[in-house]
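Note that the sequence shown ends on residue 562 in the numbering used here; no numbers are left out. So the structure is just underneath, and the comments pick up after that.
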Amino acid sequence: MADYEHLLYEKQRGGVLITLNRPEALNALSPPLVTELHNAFDEAEADPEIRAIVLTGAGRAFSAGYDIAGERAPTVWPYGLAEGTSVAALLDRWRTQDKPTRFMHMWELSKPIIAAVNGWCMGGGSWYALWSHMTYASENAVFSQPEVRMISNTSYIWVQNAGYKNALRYSLTGDHIDADEALRIGIINQIVPQDELIDHCFGIVERIALVSPETVKINLAVATMGLEMMGLRNALVLNGELSAFAHASKREEYNRPLDEARDGGGLRAYLQKRDGPFQPEPFGPRSEIRA
């Protein structure tokens, strides 16, 4: 078994529990964590003793999304480019990054991934939860794509799971969704009490393990390959292309105040500037304005 620094890998009950393990950062998806996660998927895929994967997060979150707290170059206005770069370089970077490849890697595994979502499940973290083949959530799960508020892209997987109208309602605003709303629109299978969540998911793993692994592999492919034949892969590739334009769509009046807030008060000030106008959120722990 590989030695992982940013996640926990624990074989049990016919499967493996993979835990994103950056609780101090709400399991934000740093490049090293993402690399380890996909290596762990490959390790589970190659192990005949593992019949399914349960994916969860340590502490208060499944994942807060891609890590935006790292070092960054100063922004040059009026076009919002990082100092020393160009529009061409920005577009090329977002067009050629491998997020679509990574999500298809999950999708095309021959062993099902079951996401066990507790707490915050935001941005790219929500994409990992929804690209999992099944998704179960505790009563305190909160889903959102708040990055669209700072000029970023949504993911087609929200449309695939929630349907066109529900996906647009939340993908155009970044508004929060609690577990009840997540169940209503179809992005999760079931709500499970927090203290039973992992056990519930491994109960499903054990039931899967009663079926021949070859049969599970084929029946998983019936669903995943069927959706690919209907255009899922093409939609994801186009999603990656359009993400470049989303990240290049900055306007000074929208984004410069965010940068100034971060420069003056750090990430907390940045998030307050970004999300403050949207509060109270429709659902979840921020659905009421805090005193």
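Quick reminder that beta carbons are idealized off the backbone N, C-alpha and C, glycines included.
- Could you check the C-alpha separation between aspartate 363 and glycine 474 for me, to the nearest Å? 44 Å
- Task: Compute the beta-carbon to beta-carbon distance between lysine 521 and glycine 351, rounded to the nearest angstrom, for a pair I have assumed lies under 8 Å.
- Result: 3 Å
- What residues match up with glutamine 461 in a beta bridge as DSSP calls it? Tyr407
- Looking at the unbroken beta strand (DSSP E) that takes in threonine 327, where does it start and where does it end? 324-328
- Exposed or buried, what is proline 349 when buried is set at 16 or more other beta-carbons lying within 10 Å of its beta-carbon? exposed
- Query: Alpha carbon to alpha carbon, what distance is there between lysine 436 and proline 528?
  - Reply: 31 Å
- Task: Tell me whether the beta-carbon of threonine 406 lies closer than 8 Å to the beta-carbon of isoleucine 448.
- Result: no
- Does the distance from the CB of histidine 277 to the CB of glutamate 307 come in under 8 Å? yes
- Neighbourhood of glutamine 461 by C-beta distance below 6 Å, restricted to the same chain and skipping five residues each side: Tyr407
- Message: Using 8 Å as the threshold, is the C-beta distance between valine 476 and valine 305 below it?
- Response: no
- Verify whether the separation of the beta carbon atoms of asparagine 298 and phenylalanine 333 is less than 8 Å. yes
- Task: Examine the Cβ distances between the stretch 366-383 and the stretch 442-456 and report whether three or more of them are shorter than 8 Å.
- Result: no
- Query: How is valine 617 classed by DSSP in three states: helix, strand or coil?
  - Reply: Nothing can be reported for residue 617, as the shown portion of the chain is limited to 272 through 562.
- Query: Taking buried to mean at least 16 other C-beta atoms within 10 Å of its own C-beta, is asparagine 505 buried or exposed?
  - Reply: exposed
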